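Presented below is the structure to which this report refers.
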Amino acid sequence: MPPSSPANPLREGLLSRSAPEPCSLVIFGATGDLTHRKLVPALYNLAADGNLPPSISVIGFARREKSDEQFRAELEEAARKFSRQKINDELWPNFAASIFYHRSEFTNLAGYESLAARLDELDAHRGTRGNRLFYLSAGPDQFPIILENLRKSGLNRAKEGSWSRVIVEKPFGTDLPSAIELNNMVEGSFREADTYRIDHYLGKETAQNIMVLRFANAIFEQVWNARYVHHVQITASEPLGVEGRAGYYDHSGAMRDMVQNHLLQLLCLTAMEPPTDLSADAIRDEKVKVLRCLRRLAGPDVAEHVVRAQYAAGSVNGRDVVGYLDEQNIPATSQTETYVALEASVDNWRWAGVPFYIRVGKRLPKGATEIALHFKSVPPVLFRQTSQAIDDNVLVIRIQPDEGVSLRMSAKLPGSSLRIEPVKMDFHYGTSFGKATPEAYERLLLDAMAGDPTLFARRDEVEEAWKFVDAIRAAWDSGEGGPLANYSAGTWGPDEADELVKRSGAAWRRL
Ligand code: BG6
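If you want our numbering, it's the position in the sequence shown, counting the first as 1, plus 275.
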């Protein structure tokens, strides 16, 4: 029997406690890609499902000259292209009426002062109660000036009985010093409790399910440790290339773009101890402990435990694609990695000796993110005579696509002889719950409106993650970290990555 699902999983989800409150959401960098592809479609879907607070205003703050009407028309076009649910022609005008455009340079204090006046006016007309949610989705070089002007204009300070919060989009710094600087700057304007650092992987439904799988089931947690687990593989593969983001990506590379945030967050959720309760801080305390236990890879250890590579020309899904160095606006001598495979060790009581393999790359054959726990082999005693290799148990948490969980186990093939075959127990969200999973941004926006920071990164998490990543990058820069390998686009990465896992007798899963 399918498990009964709550009437409204977004509001009644296990980690969500309070309802989102009426507010004005101000998006800095409102004409950018994120607003079009993710934020506005997410807001529309929330509206269509009846999940937005009763009153909300969305104010786009950007430099270009534009009227409210023009802005709404642009967003409608984007929402029709990117929304999870088809746009309903009757619903849209109502939703669009809550969207406004505020033109100003980020550097111009007067633009913030006029924003404050406009927000007061909207409060009076729309019942948004003086609550403000500022979304920093402009380029990170603009964050300092936006934060400064929010402070100077007093917008960071909530009026009596209201709140003022800030959502900070990634990248959160480019290394530890810049992250500390940014954190200090944010702290100068907003309290930590009002700061929401986005890591959209935490908003993915299946990432949230990791804790439920582990701590709401009696059987898994017993074997979730070094005694039973041989190794863990965390993979995020993408067929996409740099997709017009050369300027950002070439300075970032896969390590900063994906490992520092998304992949380490997945590792934390997989490796953490049970929190004392479901409060945001209890959960984040446990995650940060994992990051503190991560063995720092530095100097020559990096060459041994980390593989970095860049894609060469090849073919992805039957389409010929150019190599990274031939992508538009990528310097011909770029040494930026588009692929990373690494072996991490969580040096604590639970995980001592268990390799955590992380693999992430662009222009791989398939788009898929998953966590796989490979269990140790059974003692080679009873089935020796069958001279068959018995596959180890593997528990796979599919983050995306086809969200779900599967367990590989061995079973006897029907018949008079003893033949053992691997079979799969499989849970699919789609078939069990019969509804589409919401987009990560839907959940995260709602949580920020409800004042629940559980699914956002805390300051110490971000800084600890940078420590791990910075040591590896320093070894690459000094030449001790080993060379940059190559892989053809459309393959599963360089041979060196296969060698990395072979040392423990493992092999990468074919997704
Ligand atoms: C972003 C990275 O944070 O995550 C992108 O900057 C990457 O390079 C993206 O493509 C992947 O997200 P998702 O949700 O598509 O797995």
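The beta carbon of each residue, even a glycine, is placed where N, CA and C say it ideally should be.
These figures come from a predicted structure and were not determined experimentally.
### Query
Can you find at least 3 beta carbon pairs, one from the region 294 to 314 and one from the region 333 to 347, that sit closer than 8 Å?
By the Cβ rule, the region 294 to 314 counts as touching the region 333 to 347, because three or more pairs are nearer than 8 Å.
### Task
Could you round the C-beta distance between asparagine 424 and alanine 584 to whole angstroms and report it? I think they count as a contact, below 8 Å.
At roughly 42 Å, the Cβ-Cβ gap does not stay under 8 Å, so asparagine 424 and alanine 584 are not in contact.
### Query
Within the chosen definition, does the region 557 to 569 reach the region 735 to 743 through at least 3 CB pairs nearer than 8 Å?
Cβ pair count under 8 Å is three or more, so yes.
### Query
Leaving out five residues before and five after serine 280 in sequence, what residues of the same chain have Cβ atoms less than 6 Å from its Cβ?
For serine 280, the predicted model reports a pLDDT of 40, less than 50, meaning its position is unreliable and no value from the coordinates is stated.
### Message
I'd like the list of long-range same chain contacts for glutamine 610, defined as Cβ closer than 6 Å, with 5 residues on each side in sequence excluded.
### Response
Short of 6 Å from the beta carbon of glutamine 610, and not among the five residues preceding or following it, lie these beta carbons of its own chain, in chain order: Leu759.
### Query
How far does the alpha helix (DSSP H) with threonine 510 in it reach, from first residue to last?
That residue, threonine 510, is in no alpha helix (DSSP H); its beta strand (DSSP E) goes 504 to 512.
### Task
Just grab the DSSP bridge partners of threonine 644 for me.
Note: threonine 644 sits in a beta bridge opposite Ala511 and Gln675.
### Query
By a C-beta neighbour count over all protein chains shown, 10 Å radius and 16 as the cutoff for buried, is isoleucine 747 buried or exposed?
Looking at its Cβ environment, which holds 16 or more other Cβ atoms inside 10 Å, isoleucine 747 is buried.
### Euclidean distance between Cα positions of alanine 282 and arginine 401
Low confidence applies here, because alanine 282 scores a pLDDT of 40, under 50, leaving its location unreliable and the question unanswered by this model.
### Task
Starting from the C-beta of valine 257, find all residues in its chain whose C-beta is less than 7 Å away, skip the five residues before and the five after it, and write them out in chain order.
Nothing in the structure corresponds to residue 257, since the chain is present only between 276 and 786.
### Query
Is it right to say arginine 502 is buried, meaning 16 or more other beta carbons lie within 10 angstroms of its own, or is it exposed?
With a threshold of 16 other beta carbon atoms within 10 Å, arginine 502 falls short and is exposed.
### Task
Spatial neighbours of alanine 371 within its chain, please: CB distance less than 6 Å, with the 5 preceding and 5 following residues excluded, ordered by chain position.
Arg347, listed in sequence order.
### Message
Three Cβ pairs or more, each shorter than 8 Å: is that satisfied between the region 666 to 684 and the region 568 to 579?
### Response
With a cut-off of 8 Å, the region 568 to 579 and the region 666 to 684 do not count as touching, because too few Cβ pairs lie within range.
#### Entry: Where the beta strand (DSSP E) containing methionine 700 begins and where it ends
It spans 695 to 703 - the beta strand (DSSP E) in which methionine 700 sits, taken as one unbroken run.
### Proximity test, threonine 551 beta-carbon vs the ligand BG6 heavy atom, cut-off 7 Å
Every heavy atom of the ligand BG6 is 7 Å or more from the Cβ of threonine 551, so no.
### Query
Measuring CA to CA, which of Ala749, Ala715 and Gln345 is closest to threonine 481?
The shortest C-alpha separation from threonine 481 is found at Ala715.
### Message
Quick check: what's the CA-CA separation for isoleucine 509 versus glycine 386?
### Response
Going by the C-alpha atoms only, they are around 45 Å apart.
#### Entry: Collapsed DSSP secondary structure at serine 692 in the structure displayed
Coil, per DSSP.
### Query
Given that a residue counts as buried once 16 or more other Cβ atoms are within 10 Å of its Cβ, and exposed if not, what is alanine 317?
Buried.
### Near the ligand BG6: histidine 526 beta-carbon under 7 Å from a heavy atom
Checking the Cβ of histidine 526 against the ligand BG6 gives no.
### Message
Going by DSSP, what residue range makes up the beta strand (DSSP E) through phenylalanine 658?
### Response
In the DSSP annotation of this structure, phenylalanine 658 is not part of any beta strand (DSSP E), being labelled neither H nor E.
### Task
Just mark serine 291 as buried or exposed, buried being the case when its beta carbon has 16 or more other beta carbons within 10 Å.
Note on serine 291: pLDDT 48, under 50, position unreliable in the model; the coordinate value appears next. Serine 291 should be labelled buried.
### Query
What residues in its chain sit with their C-beta under 7 Å from that of proline 446, if we drop five residues either side in the sequence?
Closer than 7 Å at the Cβ level, and outside the excluded window around proline 446, lie Pro415, Ser527 and Arg531.
### Task
Determine, using beta carbons only, whether threonine 613 and lysine 637 come nearer to each other than 8 Å.
For threonine 613 and lysine 637, yes; Cβs fall inside 8 Å.
### Query
Among Asp727, Ala322 and Ala772, which residue has its Cα nearest to the Cα of leucine 553?
Considering only alpha carbons, the answer is Asp727.
### Message
Quick check: what's the CA-CA separation for leucine 477 versus threonine 706?
### Response
Each residue's alpha carbon lies about 23 Å from the other.
### Message
Given this structure, state the Cα-to-Cα distance separating tyrosine 586 from valine 615, to the nearest angstrom.
### Response
A direct Cα-Cα distance of roughly 11 Å separates tyrosine 586 from valine 615.
#### Entry: Rounded Cβ spacing between alanine 772 and proline 295 (contact assumed at less than 8 Å)
Contact doesn't hold; Cβ gap of about 43 Å is too wide.
### Task
Identify which residue in Asn536, Gln483 and Ala353 has its Cα closest to the Cα of arginine 472.
Between arginine 472 and the set Asn536, Gln483 and Ala353, the nearest pair of CA atoms involves Asn536.
### Task
Given a cut-off of 8 Å, decide if leucine 408 and arginine 432 are closer than it, judged by their beta-carbon atoms.
Note that the C-beta distance between arginine 432 and leucine 408 is not below 8 Å.
### Message
Looking at the strands, I want to know which residues DSSP matches up with valine 301.
### Response
Bridge partners of valine 301: Ile334 and Phe409.
### Query
What span of residues does the alpha helix (DSSP H) with arginine 734 cover, start to end?
Residues 734 to 753.
### Query
In whole angstroms, what is the alpha-carbon distance linking glutamate 435 and arginine 466?
Straight through space, the alpha carbons of arginine 466 and glutamate 435 are spaced by roughly 16 Å.
### Query
Nearest CA to the CA of tryptophan 367: which residue from Ala322, His377, Leu394 and Asp398?
By alpha-carbon distance to tryptophan 367, the top candidate from Ala322, His377, Leu394 and Asp398 is Ala322.
#### Entry: Nonlocal neighbours in the same chain, by C-beta distance under 6 Å from histidine 377, ignoring five residues either side
Around histidine 377: Ile334, Phe336 and Leu390.
#### Entry: Check whether lysine 479 and isoleucine 695 have beta carbons under 8 Å apart
Taking 8 Å as the cut-off, the Cβ atoms of lysine 479 and isoleucine 695 do not count as close.
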